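J.: The structure under discussion is supplied below as structure tokens; questions concerning it will follow.
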Amino acid sequence: MQTSRFVFVAALSASVCLAASKINAVTTTEDLAAIAREVGGDRITVEAIAKGYQDPHFVEPKPSFLLKLQKADLLMLVGLELEIGWLPPLITQSRNPRIQPGAKGYLDMSQFCQVLDVPTGAITRAMGDVHPLGNPHYWLDPENGRRMAKALQAKFSEMQNGDAAYFAEHEADFEKRLTEAEKGWDAKMAPYAGRKVVTYHRSFSNFAARFKLVIADYVEPKPGIPPTPSHTLEVINHMKQDGIKLILVEPFFDMRTPDSIARATGGTAMVLLPMVGGEKQVTNYFQLFDYDINLLTMAFAKYK
Ligand SMILES: [Zn+2]
Numbered sequence: 090m091q092t093s094r095f096v097f098v099a100a101l102s103a104s105v106c107l108a109a110s111k112i113n114a115v116t117t118t119e120d121l122a123a124i125a126r127e128v129g130g131d132r133i134t135v136e137a138i139a140k141g142y143q144d145p146h147f148v149e150p151k152p153s154f155l156l157k158l159q160k161a162d163l164l165m166l167v168g169l170e171l172e173i174g175w176l177p178p179l180i181t182q183s184r185n186p187r188i189q190p191g192a193k194g195y196l197d198m199s200q201f202c203q204v205l206d207v208p209t210g211a212i213t214r215a216m217g218d219v220h221p222l223g224n225p226h227y228w229l230d231p232e233n234g235r236r237m238a239k240a241l242q243a244k245f246s247e248m249q250n251g252d253a254a255y256f257a258e259h260e261a262d263f264e265k266r267l268t269e270a271e272k273g274w275d276a277k278m279a280p281y282a283g284r285k286v287v288t289y290h291r292s293f294s295n296f297a298a299r300f301k302l303v304i305a306d307y308v309e310p311k312p313g314i315p316p317t318p319s320h321t322l323e324v325i326n327h328m329k330q331d332g333i334k335l336i337l338v339e340p341f342f343d344m345r346t347p348d349s350i351a352r353a354t355g356g357t358a359m360v361l362l363p364m365v366g367g368e369k370q371v372t373n374y375f376q377l378f379d380y381d382i383n384l385l386t387m388a389f390a391k392y393k
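Counting in this note's numbering, the sequence shown runs from 90 upward without gaps.
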């Protein structure tokens, strides 16, 4: 009787211990959650605050976000002020000491990544809503995905050392699959190297650099500033002059101006996804590139 009770208690506490030993992570975007899932497997739980079809610069805070943050062991954010309009008050209001800036559970992923478009010189209001620390849309280069996975492996292992071997194995497997997938993406994109495109916002700088596209112009006259008739006319002229045919639009922007530019230039305005979750079927990091590269190469193929 004594023995069986002991065994029962031991088994119970072991299971409690196991249940409690999952890292509870919250991310601002679905891309970060997707990479965390690759590395963390079933040893973490992870939820994203913003949906992949939402504009990550402007996310309307909800009480459910606070609940998530209150329980989190780890908060992963994109940083570079992408979330500055909505995240800081939520972190403060969560009163969760584990995820306050400077705490172990506050992880700004930009520190691990190659960041483009870092402005040189003084930043003025005339430059629009420019990201002063550089372009925060850096996850659209698989190399940055790889760097983030490595950083997460280190962070998860630090938080839960007993699972370090598990995280290392998952990270290595992710890298292997990513390297393999990149070969396919490179092969598909290679025929279109050097093609010029127009994008709505500066979401695709890292993607373009990685896959050798040239972003010749933007529908926004300045970052974060809605289209104006005079700038739209400039874009139309620019596209006509250089024979540019594709206007790539993030899912959360109005298509009217891009469509009017397409009509004026004989080109195509199309939605390209900057984030995992931008379409229902795009649920992981690999599917994001699969989806975008598929759409792009089909569109490029229409124009010689
Ligand atoms: Zn932006």
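Each residue gets a CB set at the ideal place from its N, CA and C atoms; glycine is no exception.
Model, not experiment: these values are computed from the prediction.
Under 6 Å Cβ to Cβ from residue 37, same chain only, skipping five residues before and after it: list those, please.
T.: Summary: the structure shown does not reach residue 37, with the chain confined to residues 90 through 393, and so no result is reported for it.
J.: Classify residue 87 as helix, strand or coil using the three-state DSSP reduction.
T.: Outside the displayed span of the chain (90 to 393) sits residue 87, for which this structure offers no information.
J.: Suppose contacts are defined by Cβ-Cβ distances below 9 Å. Is residue 382 in contact with residue 256 by that definition?
T.: Counted from its first residue, the sequence shown places residue 382 at position 293. Counted from its first residue, the sequence shown places residue 256 at position 167. Contact: no.
J.: Does ligand 1 have even one heavy atom less than 8 Å from the beta-carbon of residue 312?
T.: Here residue 312 corresponds to residue number 223 of the sequence shown, with the count starting at 1. At least one heavy atom of ligand 1 is nearer than 8 Å to the Cβ of residue 312, so yes.
J.: Would you say residue 138 and residue 125 are within 9 Å of each other, going by their C-beta atoms?
T.: In the sequence shown, residue 138 corresponds to position 49, counting from 1. In the sequence shown, residue 125 corresponds to position 36, counting from 1. Not a contact, by the Cβ cut-off of 9 Å.
J.: What runs of the beta strand (DSSP E), each 3 residues or longer, lie entirely inside the segment 283-361?
T.: Listed in chain order, they are 285-288, 303-307, 335-338 and 357-360.
J.: Work out the CA separation of residue 240 and residue 376 for me, nearest whole Å.
T.: As a working note, residue 376 is residue 287 in the sequence shown. As a working note, residue 240 is residue 151 in the sequence shown. Their Cα atoms are separated by approximately 22 Å.
J.: Taking the runs of the alpha helix (DSSP H) that are 4 residues or longer, which of them lie wholly in the segment 125-165?
T.: Correct list: 152-160.
J.: Is residue 98 buried or exposed, if buried means 16 or more other CB atoms sit within 10 Å of its CB?
T.: Translated into the one-based positions of the sequence shown, residue 98 becomes position 9. Its pLDDT being 49, under 50, residue 98 is placed unreliably in this model, and the value from its coordinates should be taken loosely. Exposed: under 16 other Cβ atoms inside 10 Å.
J.: To the nearest angstrom, how far is the alpha carbon of residue 388 from that of residue 354?
T.: If you number the sequence shown from 1, residue 388 lands on position 299. If you number the sequence shown from 1, residue 354 lands on position 265. Computed Cα separation, rounded: 15 Å.
J.: For the alpha helix (DSSP H) holding residue 179, just list the boundary residues, first then last.
T.: As a working mapping, residue 179 is identified with position 90 in the sequence shown. Segment 176-183, the alpha helix (DSSP H) holding residue 179.
J.: State the start and end residues of the unbroken beta strand (DSSP E) segment that holds residue 252.
T.: Residue 252 sits at position 163 when you count from the first residue of the sequence shown. From DSSP, residue 252 is part of no beta strand (DSSP E); its letter is neither H nor E.
J.: Once the 5 residues before and after residue 317 are set aside, which same chain residues still bring their CB inside 8 Å of it?
T.: Here residue 317 refers to the residue found at position 228 when the sequence shown is read from its first residue. The residues are 310.
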